[in-house]
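Numbering (our numbering), first residue to last: 170 to 379.
Virtual Cβ for every residue (Gly too), placed ideally from N, Cα, C.
Since the structure comes first, as structure tokens, the remarks are kept for the end.
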């Protein structure tokens, strides 16, 4: 799986970019956030990518952040939504607005997105209702990231690699973050997350056996 590319911007159109990486050119269907912040042609650009493997071709989709890419993966995991539709959705709404719409069961907002009718919107709400249960929202005046910053994202990915489900990993990281300063590092966050989870499992086992 190609998850990111960094290279020289060769060309950009209304919907794609071409990156040259070590002599190889990659055509990438890019999200609106990528296209809005392109450097001049010839300069370096990094995009986070999703590779679609089809019978007749390989297709790359590019995003401006790891958080945007992860949200795209969740969207295309909904029945009936393919990568092209997922890219159109990502390009029409911010991650924060999309997640809030799902959390608030806001079908009206979802059905304003391209390719999302009432039935598709209802499937989104049904299939993603538990996906964002542990997203921590900072106060509106905080001006901070819409999704957890890189250290939180890295911690979630590390826990998934250890065998935890995405939902469980996000819960563990969210709970651990509340016990740590804002400038904590990845190792400290993982240590607290694993320790808290182990303690909670022990308490649940004690209750069952008590």
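- Counted as a single uninterrupted DSSP element, the stretch harbouring residue 226 is not any alpha helix (DSSP H), since DSSP gives it neither H nor E.
- Under the three-pair Cβ rule at 8 Å, the segment 283-299 does not count as touching the segment 226-239.
- In the three-state DSSP reduction, residue 206 falls in the coil class, being neither helix nor strand.
- Bridge partners of residue 198 according to DSSP: 185 and 230.
- In the three-state reduction of the DSSP assignment, residue 214 falls in the strand class, which pools E and B.
- Following the DSSP letters along the chain, one finds residue 281 in no alpha helix (DSSP H), marked with neither H nor E.
- Beta-bridge analysis with DSSP links residue 180 to 187.
- Following the DSSP letters along the chain, one finds residue 298 in no alpha helix (DSSP H), marked with neither H nor E.
- Residue burial is scored here from C-beta neighbours: residue 239 has at least 16 other C-beta atoms within 10 angstroms and is therefore classed as buried.
- For the 9 Å CB-CB criterion, residue 189 and residue 246 do not form a contact.
- Residue 173 is bridged by DSSP to 217.
- Secondary structure at residue 193: strand, using DSSP grouped into helix, strand and coil.
- Approximately 6 Å separates the beta-carbon atoms of residue 321 and residue 346; this is inside 8 Å, confirming the contact.
- Exposed is the label assigned to residue 248, since fewer than 16 other Cβ atoms lie within 10 Å of its Cβ.
- DSSP places residue 263 outside any alpha helix (DSSP H), giving it a letter other than H or E.
- For residue 196, the closest alpha carbon among the candidates 280, 176 and 209 is that of 176.
- With a contact defined as Cβ atoms closer than 8 Å, residue 174 and residue 211 miss out at about 16 Å.
- Taking all protein chains in view, the Cβ of residue 222 is surrounded by fewer than 16 other Cβ atoms within 10 Å, so the residue is classified as exposed.
- 293 is the residue among 293, 354 and 259 whose C-alpha sits nearest the C-alpha of residue 275.
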